[in-house]
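Here is the structure we will look at, set down as structure tokens.
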Amino acid sequence: MDTTVTSKENRAQRNVPTLPSIGLPSLPPARSLWARGLIVAFVLLGLVLLDQLTVLAAHFWFLERLDFQSVFWTNFQTGATLFVLTFVVFTAAVVMPAVVQRVGTDARRLFVAVGIFVGIIAGYLLSLRYADYLLLFGGQDFGETDPVFGRDIGFYVFTLPTIWITWTVILDCLLCALFSSLAAAYVARSRSEERPNMRRLGVLFGVLSSRFTVGVVIALGVVGAVGARLSRYALLVRDNADSAIYNGASYIDVTGFLSTLTYIHVSSLGVLGLTGGIVFLMNRLRRALPEGPTMDEWKPLTRRAAFLILMPIVLDFGFMALVTVRDLTLVSPNEPVIQLPFIKRHIDATLSAYDLDTVEVVTFIPKGNRDPLPDLDSLMQSATLRNAPLWPGFVSYLERLIDPQHAERVLQTGGDKTVYGPVLEIFQQQQRLRTYYDFLDVDAVRYPVNDEPRMYVSAVREIPLREAQEWLAWWGQRFILFTHGYGLVMAEVNGLNSEGEPVYASSGVPATAELPILRVANQSVYYGEGAASMAYTNVRQMKEFDYPTDEGRAEIVLAPEVQAGIPLNSLLKRLVFGWRSRQFLDIVFSRLIGPETRVHYRRTPLERVEWVAPFLYYDTDPYAVAVNGGIVWIVNALTSTDRYPYAKREWLGDKSDERSPFPRPHRRANYVRDAVKATVDAYTGQVRLYQISDDPIVETWASIYPDLFTPDTLMPATVREHLQYPVQLFHIQFDDVYKLYHMTDPMTFFNMEDVWDDADEVLGPILDQGKAITFSIEPYHWIAETGGALPASEQRIQFALAMVFTNEKAVNLRSIPIVYQDGSDYGRIVVLQVPKGHFYLGPEQADAAIDQDPFISQQIMLWNRLGADVIRGHTTTLVVDGEVIYVEPLFLRSQQNAVTQLKRVVVVFRGKARMGRTLREALRLALESE
35 MDTTVTSKEN
45 RAQRNVPTLP
55 SIGLPSLPPA
65 RSLWARGLIV
75 AFVLLGLVLL
85 DQLTVLAAHF
95 WFLERLDFQS
105 VFWTNFQTGA
115 TLFVLTFVVF
125 TAAVVMPAVV
135 QRVGTDARRL
145 FVAVGIFVGI
155 IAGYLLSLRY
165 ADYLLLFGGQ
175 DFGETDPVFG
185 RDIGFYVFTL
195 PTIWITWTVI
205 LDCLLCALFS
215 SLAAAYVARS
225 RSEERPNMRR
235 LGVLFGVLSS
245 RFTVGVVIAL
255 GVVGAVGARL
265 SRYALLVRDN
275 ADSAIYNGAS
285 YIDVTGFLST
295 LTYIHVSSLG
305 VLGLTGGIVF
315 LMNRLRRALP
325 EGPTMDEWKP
335 LTRRAAFLIL
345 MPIVLDFGFM
355 ALVTVRDLTL
365 VSPNEPVIQL
375 PFIKRHIDAT
385 LSAYDLDTVE
395 VVTFIPKGNR
405 DPLPDLDSLM
415 QSATLRNAPL
425 WPGFVSYLER
435 LIDPQHAERV
445 LQTGGDKTVY
455 GPVLEIFQQQ
465 QRLRTYYDFL
475 DVDAVRYPVN
485 DEPRMYVSAV
495 REIPLREAQE
505 WLAWWGQRFI
515 LFTHGYGLVM
525 AEVNGLNSEG
535 EPVYASSGVP
545 ATAELPILRV
555 ANQSVYYGEG
565 AASMAYTNVR
575 QMKEFDYPTD
585 EGRAEIVLAP
595 EVQAGIPLNS
605 LLKRLVFGWR
615 SRQFLDIVFS
625 RLIGPETRVH
635 YRRTPLERVE
645 WVAPFLYYDT
655 DPYAVAVNGG
665 IVWIVNALTS
675 TDRYPYAKRE
685 WLGDKSDERS
695 PFPRPHRRAN
705 YVRDAVKATV
715 DAYTGQVRLY
725 QISDDPIVET
735 WASIYPDLFT
745 PDTLMPATVR
755 EHLQYPVQLF
765 HIQFDDVYKL
775 YHMTDPMTFF
785 NMEDVWDDAD
795 EVLGPILDQG
805 KAITFSIEPY
815 HWIAETGGAL
825 PASEQRIQFA
835 LAMVFTNEKA
845 VNLRSIPIVY
855 QDGSDYGRIV
865 VLQVPKGHFY
875 LGPEQADAAI
885 DQDPFISQQI
895 MLWNRLGADV
905 IRGHTTTLVV
915 DGEVIYVEPL
925 FLRSQQNAVT
935 QLKRVVVVFR
945 GKARMGRTLR
955 EALRLALESE
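35 is the number of the first residue of the sequence shown in my numbering; add one for each residue after it.
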């Protein structure tokens, strides 16, 4: 009996309604999912590209205002060409397999959409590498060749990197073609191609092994072999962590048949052999579909294919094993003798790459107790002591938040900023003057006074906009009202009044200065280190704040002839800069902004020069000077590469900057040159790049951008007299490189017999129980007199940059590297080197002498008991008439009223520490104690 029928009849008799049939939810077809996914992907891609177009438009207007539009068009044309070519090639790589293998219409449309999407992404990514292709076609020779292949260094710096980029693009394109071909073959397959007497996997491979796929695999094999062969050049720049040669090829790499170089050739052939085995298998599988081989025929086929594929792999590993055995049995047991020529190559290349091969090494034996005492008046009349840095500036950000002990130091001192020295804090206490003003940096500078350099510490009074402030709550306060800082504050580096305060050479608002060379007529600072956001000037219905006055405030309107800011004279500009400022609605719909309004964009000195010439590396500590009645920022720019054969690689950058709110990227380099000086006008933002070197890298860029660089001969004398050697270059040259590579003898270098270490100093507040905090001494500026211990220079008195080194695991003085910075001797490096067998106390021992002097230690304890914090300043090493004199200022700060004052100066002379109210008094006491 049919129970279903009976159930329905019973339900009908009882008039019970039946439930409606509801279909279960199901996924849409895969084709529909692909279509929807592509729509979402194209929308997201369009938004990203739209944002990038605003960046491109803003960048064009930025460069146009600086008269560098030719730079923009060179970059744009190169990038656009790369985009179009890459787009066409990648799109064709995805679409062509679908056309060749005759997939259906709907599937072909899907392949076209995917191809366009892939082409846009690939084209955009390669267009970002426009600079590499500019170097490929514009690269110049270095005039030096590598010792292995005999190629000019320019090949490794300019040509090889772009060849690798192109190789990678071709490889990626072929991979896209391969995946597309496999997908097209799978979509176009038919049931008739399946054979019951073949394994299912073999059937699938046979279906996918179309002629187009085989062609792509062959092309991939050829490209892989070319890449393997190109890798031989990488031997000259590779890192060798476990070798005596830190970078570059060693004995086992390039000598003999069983070498790494031969192995690379074997690997190249192995790639071709592997490709041949795969192609053989694919062709047999494709032919097997119509022929239908039996299982007995199938097994020999797979064995033959496995042999052809595995044989190149086995040969490759076997040859590598032989090379390893040779290394273990011949090279390692005979080091370092067998490696000495290669170690010498490495040393010479490193010194040349870091511009250290022309360093003048001078044997220096400081005067001691057996030498006659100098006359006090003669010492004090020296330019060095007349400019002794009692108020040293922050010579770089290296001194702000340096090493890993930073957090510990801050905790120890309760967050006391003077742990890095009190000069910046003193400037803030005495010259800030208004809540909205601040000083971000204090720099050491010099000005020619009475025909010789006089040293000052200098700071720009800015309105920092990096952090949220109560007086910046309304968007107009940040962008329209408080737009610029005001004035340049300077103090004599050795000036000291009766209260222990700096003697200001330029101070106040507006700033006034006695010396004409220090006077600044236009003191507005629209472009500075704290100008982190855009600013809008010449707005409607509101006057821009200039500086405070007794009556209220002075106001400013930029004159039409002032070439500052980008005019917002079109709706497109308002839309673009409104979007870039993240204040879109406020900027676009504000009635305060009109056609006469100007937007000041990219306002920090580093940001401006980096967007003009991003291929240069910029020292992260720009400094401001008074030039022709205005304030000008000077930024040191370096050329660099990490492709110099055999040279040691280092990180070019400021380690402390990693902890800043806006860290700057570091750059891996093994070749560096001081090549360009950039100036940024603090009022107008105008940028000038002065080429001061004939370095091949900067010469190449100058040929690519003929309008970018200004020749060194056209640099104004008022700018030239303020040039400084890049601190970060000096730091990497000596603290990273020369402390090892001054050992030019390969055997000495291998044994590391004479390693130097940067000297340490006690700095900052003295903690409980007399404890203090130790820092590495960073590069410091001082005024040097040449012609005695220092080699004579064209200008006898030099504004110099120096470091101090001791022996590793020892504290006695070992060397003082010094670089001249004035006149024709700019960039000349001298190393005062104390003989290995001679002892003279180093800075750490000088600090110990200060700690151990009964009078000084008792005075410090007394100040602490009276409620005053004692802050130790920098220990500055000065060379005067063959003497090494250590000078250290002592600062006092009341615990109730945190006003810091310089109360004592300590001098360590020939091992004796003496303290006085002035440098002269301390030096007199030191001489009398002898």
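A virtual CB, placed ideally from N, CA and C, is assigned to each residue, including glycine.
Check, Outcome
"Can you give me the Cβ contacts of W95 inside the same chain, cut-off strictly under 6 Å, excluding the 5 residues immediately before and after it?", "I600"
"Suppose you measure from the CA of A127 to the CA of I197; what does that come to, to the nearest Å?", "21 Å"
"Between the Cα of Q511 and the Cα atoms of L650, K577, S858, which residue gives the shortest distance?", "K577"
"In this structure, how does DSSP classify Q373 when only helix, strand and coil are distinguished?", "helix"
"Rounded to a whole number of angstroms, what is the C-alpha to C-alpha distance between T778 and L926?", "47 Å"
"Are the Cβ atoms of Y561 and R637 separated by less than 8 Å?", "yes"
"Quickly, what does DSSP pair Q935 with across the bridge? List them, please.", "L926"
"Between which two residues does the alpha helix (DSSP H) containing E641 stretch?", "639 to 646"
"Going by DSSP, what residues sit across from Y167 in a beta bridge?", "DSSP lists no partner for Y167."
"From V357 to I766, what distance separates their C-alpha atoms?", "36 Å"
"Based on the DSSP output, what are the partners of R835 in its beta bridges?", "First, the residue type needs correcting, since residue 835 is Leu and not Arg in the sequence shown. Looking at the DSSP assignment, L835 forms a beta bridge with H815, V853."
"For D140, report the span of its alpha helix (DSSP H) as first-last.", "139 to 161"
"Here's the rule: buried if 16 or more other CB atoms are within 10 angstroms of the residue's CB, otherwise exposed. What is M895?", "exposed"
"Nearest CA to the CA of A147: which residue from H93, A278, T88, A75?", "A75"
"Which full runs of the alpha helix (DSSP H) of 4+ residues lie inside the stretch 725 to 812, going along the chain?", "730 to 738, 751 to 754, 761 to 765, 780 to 785"
"Considering just the uninterrupted stretch of the alpha helix (DSSP H) at Q463, what are its terminal residues?", "457 to 465"
"Is the distance from the Cβ of D708 to the Cβ of Y651 below 8 Å?", "no"
"May I ask you to list the residues that DSSP assigns as paired with T673?", "R707"
"Scan the stretch 845 to 893 and note each continuous alpha helix (DSSP H) run of 4 residues or more that stays entirely inside, going in chain order.", "877 to 886"
"Taking the alpha carbon of A751 as the reference point, which residue from H299, D856, F764 has its own alpha carbon closest?", "D856"
"So P482 is in the beta strand (DSSP E); what residue range does that whole segment cover?", "477 to 483"
"Helix, strand or coil: which one does DSSP assign to L432?", "Note on L432: pLDDT 40, under 50, position unreliable in the model; no value is reported."
"Report all residues from its chain with a CB closer than 6 Å to the CB of P400; omit the five preceding and five following residues, and keep chain order.", "Y874, V918"
"Along the beta strand (DSSP E) that carries S541, what are the first and last residues, could you check?", "538 to 541"
"Could you give the DSSP three-state label for M949: helix, strand or coil?", "strand"
"To the nearest angstrom, report how far apart T909 and L797 are at their CA atoms.", "8 Å"
"Excluding the 5 residues preceding and the 5 following I590 in the sequence, name in chain order all residues of the same chain whose CB lies nearer than 6 Å to its CB.", "E578, D580"
"Rounded to the nearest angstrom, how far is the Cβ of Q131 from that of A218, given a contact under 8 Å?", "It should be pointed out that residue 131 corresponds to Pro in this sequence rather than to Gln. Contact holds; Cβ gap of about 4 Å."
"Going by CA-CA distance only, name the one from Y388, L264, R906, F110 that's closest to H776.", "Y388"
"Measuring only the C-alpha atoms, how far is T193 from G157?", "21 Å"
"Output the distance between the C-alpha atoms of S963 and K946, rounded to the nearest integer angstrom.", "8 Å"
"Is it true that the CB of T115 sits closer than 8 Å to the CB of Y739?", "no"
"Decide if the stretch 480 to 499 is in contact with the stretch 822 to 840; the criterion is three or more beta carbon pairs, one per stretch, under 8 Å apart.", "yes"
"Count the other CB atoms within 10 Å of the CB of A712; is the residue buried (16 or more) or exposed (fewer)?", "buried"
"Could you please give the first and the last residue of the uninterrupted beta strand (DSSP E) stretch that includes Y1010?", "Nothing can be reported for residue 1010, as the shown portion of the chain is limited to 35 through 964."
"Taking only the alpha-carbon atoms, compute the straight-line gap between P923 and N662 and give it to the nearest angstrom.", "34 Å"
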